[in-house]
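Sequence order for the protein chains is A and B.
The UniProt record's numbering numbers the first residue of the first sequence as 1 and each following residue consecutively.
The UniProt record's numbering numbers the first residue of the second sequence as 1 and each following residue consecutively.
Positions of the beta carbon are idealized from the N, C-alpha and C atoms, including for glycine.
Report on the structure given below.
2 protein chains.
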Amino acid sequence: MTKTRDENTEGQILNAAKSIFQSKGMDGARMQEIADKAGINKAMLHYYFRSKQLLFEAVFKNAFSLLAPQLNAILNDDSTIEDKIKNFTSNYISFIIKHPYLPNFIIQELNRNQDFILKIKDNKGFPNLEKFKKQVDEEANKGIIKPISGEQLFINILALNIFPFVAKPLVMAFANVSDKAYKQLMENRKTEVANFIINAIKHT
Amino acid sequence: MTKTRDENTEGQILNAAKSIFQSKGMDGARMQEIADKAGINKAMLHYYFRSKQLLFEAVFKNAFSLLAPQLNAILNDDSTIEDKIKNFTSNYISFIIKHPYLPNFIIQELNRNQDFILKIKDNKGFPNLEKFKKQVDEEANKGIIKPISGEQLFINILALNIFPFVAKPLVMAFANVSDKAYKQLMENRKTEVANFIINAIKHT
DNA sequence: ACATTTGTTAACCAAATGGTTAAACTAAAT
DNA sequence: ATTTAGTTTAACCATTTGGTTAACAAATGT
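Rendered as structure tokens:
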């Protein structure tokens, strides 16, 4: 049997690095802290990943590869726009609840270093909007949904699903709710967001 | 005549610090870089603001005080929900186009340090949702809009307006558009977003 | 059994970084 | 003219930080 990720050193490092990088970002993270969390000597980080930058990139690519398939699902399957929105919203919010730091981490680090996007963009499996756009146009032509540009609809879907997690502290302060109440709000959004979007675009 | 902000040293420091902090974050910013940008000696930063932390807080509060009034407008004036959404969306997107780093900066640093929110929350002028929530309930009862919780509608409005700026590099990569095309997308959103929200909530 | 490769550690290093100090400069007050 | 208070600078300092090294241990192959 092959060793699980937290049994071999490389995996321990990745786990620890993920945790530290995701909560403190590249600049705020300390190699020593990662080593401590992994329960190993700092030199091991460099033995396995050579530099902070490369360790970070390993963590980042890993994180991104969790996010991408979720998006491809909505973009490339064959269900109707309405079904896609329902499925995506529910699945995606469930997914982020399990990985709350993830969207913020990715967005934050992409803002810090635009070059990252290039390193991932040519990966196969990088989300592509073409099919989705065509489908939106078709359904609009058939009168199933109101006319809207595929890009704008896509941005709106992402925004409504992701933003509340990215801006959690801000929204919590404005709405003046506890952590528990916020969690409930997010739970409700699994269906509310889909209804909201569908109301916005369906033809009456 | 009183000296303008970039004529006196303190103002120069604040301008430089704002620029550096907003693009690199607290952890990524270097005091020397701020001093260089302000064209002064590093010791001056400490002379005027004592520490990096305090300089950062000055910049942060400043940034936040730009954002808050925009929100209060939608929350506390007396127009209908529909008008509020229209006005807010158009104004807010125009505002962010002028200060593109701002939302990301605030969100990012609030995620890094939850304590910040407490330091600002008791400021007068901190946005409060109560009136808005009441109004949403009223219009829902009158049948003007579909039933929706005030919090959820507020989150949706923020999400649709702010997210595209916060996640710009990510969305640009997914939608595969140039900087110029992205700018145009944002320009279009000034009206599109309002229509989208209103379609989602208005009673038919 | 022995040699070689792989994994691990403690000690170390140079550079960077936030912060301090003491002296010098400036301009207004006496 | 001299004092005084505020402003500015260059040099300095202690600590932190990413990264290296050399020695040691544990597998692995022969």
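CA-CA distance, K180 (chain B) and T9 (chain B)?
-> 36 Å
Identify the continuous alpha helix (DSSP H) that holds E109 (chain B) and give its terminal residues.
-> L102 to R112
Tell me the DSSP bridge mates of K202 (chain B)?
-> B:I145
Same chain, Cβ closer than 7 Å to I144 (chain B), neighbours up to 5 away in sequence not counted = H203
For N104 (chain B), is the classification buried or exposed, using 16 other Cβ atoms within 10 angstroms of its Cβ as the cut-off for buried?
-> buried
Could you check if T191 (chain B) is buried or exposed, using at least 16 other CB atoms within 10 Å of its CB as the buried criterion?
-> exposed
Chain-order list of residues whose beta-carbon lies under 7 Å from that of M1 (chain B) (same chain, five-residue window excluded) = Unreliable placement is indicated for M1 (chain B), whose pLDDT of 45 sits below 50; the coordinate value is still reported in the next sentence. Around M1 (chain B): no qualifying Cβ.
Does the distance from the C-beta atom of V171 (chain B) to that of L158 (chain A) stay below 8 Å?
-> yes
C-alpha gap between I198 (chain A) and I93 (chain A), whole angstroms | 17 Å
Neighbour list for G125 (chain A) in chain B, Cβ cutoff strictly below 8 Å = Near G125 (chain A) there are no residues of chain B at all, since even the closest Cβ is about 13 Å away, more than 8 Å.
Drop a sphere of 10 angstroms on the beta-carbon of N150 (chain B), count the other beta-carbons inside from all chains shown, and report buried for 16 or more, exposed for fewer.
-> In the sequence as displayed, the identity of residue 150 (chain B) is Gly instead of Asn. With 16 or more Cβ atoms within 10 Å of its Cβ, G150 (chain B) is classed as buried.
What is the rounded straight-line gap between the Cα of N41 (chain B) and the Cα of M31 (chain B)?
-> 10 Å
C-alpha distance - N76 (chain A) paired with Q53 (chain B), whole-angstrom precision = 47 Å
Please check if any C-beta of chain A sits within less than 8 Å of the C-beta of T204 (chain B).
-> yes
When the Cα atoms are used, what is the spatial distance from I20 (chain A) to E138 (chain B)?
-> 46 Å
Report back the beta-carbon spacing between residue 229 (chain B) and A68 (chain B) to the nearest angstrom; my notes put them in contact at under 8 Å.
-> There is simply no residue 229 (chain B) to check, as chain B begins at 1 and stops at 204 in what is shown.
Just tell me which of B:F174, B:N161, B:L55 and B:K24 has its CA closest to the CA of N128 (chain A).
-> B:F174
Check whether the Cβ atoms of L102 (chain A) and V59 (chain A) lie closer than 8 Å to each other.
-> no
Does any residue of chain A bring its CB to less than 8 Å from the CB of K98 (chain B)?
-> no
Whose CA, out of B:D36, B:K121 and B:L45, lies closest to the CA of S65 (chain B)?
-> B:K121
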